[in-house]
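Trainee: Numbering (the working numbering), first residue to last: 303 to 546.
1) Only counting runs of 3 or more residues, tell me where the beta strand (DSSP E) segments fall wholly within the stretch 346-370, in order along the chain.
2) Does the stretch 382-395 come close enough to the stretch 416-425 that 3 or more CB-CB pairs lie under 8 Å?
3) Could you pull out every unbroken alpha helix (DSSP H) segment of at least 4 residues lying fully inside the stretch 500-535, listed in chain order?
4) With a threshold of 8 Å on Cβ separation, who are the neighbours of residue 507 within its own chain once the five nearest residues in sequence on each side are excluded?
5) Determine the closest residue to residue 318 out of 522, 471, 340 and 352, with distance taken between C-alpha atoms.
6) Can you have a look at residue 439 and say buried or exposed, based on whether 16 or more other CB atoms are within 10 angstroms of its CB?
7) According to the neighbour-count rule (16 or more other Cβ atoms, all chains shown, within 10 Å of its Cβ), is residue 303 buried or exposed?
8) Can you tell which of 540, 503, 533 and 468 has the C-alpha that lies nearest to the C-alpha of residue 517?
9) Out of 320, 521 and 375, which one is the CA nearest neighbour of residue 470?
10) In the DSSP assignment, find the unbroken beta strand (DSSP E) run with residue 492 in it and report its ends.
11) Since I believe residue 333 is in contact with residue 321 (beta carbons under 8 Å), could you give me their beta-carbon distance rounded to a whole number of angstroms?
12) If you follow the alpha helix (DSSP H) that residue 385 is in, where does it begin and where does it stop?
13) What is the rounded straight-line gap between the Cα of residue 504 and the Cα of residue 329?
14) Out of 474, 545 and 327, which one is the CA nearest neighbour of residue 465?
15) Using the Cα positions of residue 460 and residue 489, report the straight-line distance between them to the nearest angstrom.
16) So what does DSSP say about residue 340, is it helix, strand or coil?
17) What distance in whole Å lies between the Cβ atoms of residue 478 and residue 544, which are believed to be in contact at a cut-off of 8 Å?
18) Suppose you measure from the CA of residue 515 to the CA of residue 456; what does that come to, to the nearest Å?
19) Taking the alpha-carbon positions, what's the residue 338 to residue 437 distance?
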């Protein structure tokens, strides 16, 4: 079995890009809704968890929270945009409406020499500060770090643009590393899934069909299968795999 990353989707338009970047690091991942059960998360047994962005606000929509198992499982967690905000709120920090909404290109200063960003920068200022060219898209911002967290990144209009509790393996960024506009985004996600979460990086998309067919044969054996086929992409792919 391959090491796995669980991506919890809070409704971001670019959650699929997170999965694409993780798979480009040769790590198996699956996207599931943010409200999956604690039992599901435990049985999935991920090596790490990523919390996606969202259109929602942490202080308006209290339904969009990460399940408690995310924090109880003892695996590294990466929060992206809204994922950072819900991490902050759920672990004792504070989030508030930002007077300056950020949508688009930004330059972020790295802080704290964290494992997530160590050695990753787009350029260095004359003062020696490592800077990152990133893509922001948020109206809220974290205004108080949870206990045990330290500053990971900042911009002039977003003083807490990233945070980390390295003892627990919790990292969060207000920007979007999954989009190509964040120049070092792939490097950050590689760092999280391969080094922080410890995934082996032995999964190859080209082998997926062969592995899926083998799992189906193992599960079904000599039995027959009844498949409800809607004609959509998911059921059609399932039918093709079962037919093999």
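Just so it is clear, CB atoms sit at the ideal spot from N, CA and C, and this is done for glycine as well.
Mentor: Taking the structure as given:
1) 350-353
2) The answer is no - the stretch 382-395 does not touch the stretch 416-425, with fewer than three Cβ pairs under 8 Å.
3) 510-522
4) As a position in the chain shown, residue 507 is number 205, starting the count at 1. Excluding positions up to five away in sequence, the list reads 325.
5) Along the chain shown, read from residue 1 onward, the residue named residue 318 stands at position 16. Among 522, 471, 340 and 352, the Cα nearest to that of residue 318 is on 352.
6) In the chain shown, the residue the question calls residue 439 occupies position 137. Burial call: buried.
7) Here residue 303 corresponds to residue number 1 of the chain shown, with the count starting at 1. That one is exposed.
8) What you label residue 517 is simply residue 215 of the chain shown in a count that begins at 1. Distance check between residue 517 and each of 540, 503, 533 and 468 places 540 closest, using alpha-carbon atoms only.
9) Position 168 of the chain shown, counting from 1, holds the residue named residue 470. It is 375 whose Cα lies nearest to the Cα of residue 470.
10) Position 190 of the chain shown, counted from the start, is the residue given in the question as residue 492. Not the beta strand (DSSP E): residue 492 falls in the alpha helix (DSSP H), residues 487-492.
11) Position 19 of the chain shown holds residue 321. Position 31 of the chain shown holds residue 333. Confirmed, Cβ separation roughly 5 Å.
12) If you number the chain shown from 1, residue 385 lands on position 83. Where residue 385 is concerned, the enclosing alpha helix (DSSP H) stretches over 384-392.
13) The residue you call residue 504 lines up with position 202 of the chain shown. The residue you call residue 329 lines up with position 27 of the chain shown. Roughly 7 Å between the two C-alpha positions.
14) In the chain shown, residue 465 corresponds to position 163, counting from 1. Closest by alpha carbon: 474.
15) On the chain shown, position 158 is the one that residue 460 refers to. On the chain shown, position 187 is the one that residue 489 refers to. Approximately 23 Å between the Cα atoms of the pair.
16) Taking the chain shown and counting its residues from 1, one reaches residue 340 at position 38. Note: residue 340 maps to helix in three-state DSSP.
17) Within the chain shown, residue 544 is the residue found at index 242, counting from 1. Within the chain shown, residue 478 is the residue found at index 176, counting from 1. Rounded, the Cβ-Cβ distance is 36 Å, inconsistent with contact.
18) Position 213 of the chain shown holds residue 515. Position 154 of the chain shown holds residue 456. One C-alpha to the other measures close to 47 Å.
19) Position 36 of the chain shown, counted from the start, is the residue given in the question as residue 338. Position 135 of the chain shown, counted from the start, is the residue given in the question as residue 437. Their backbone Cα atoms lie some 28 Å apart in a straight line.
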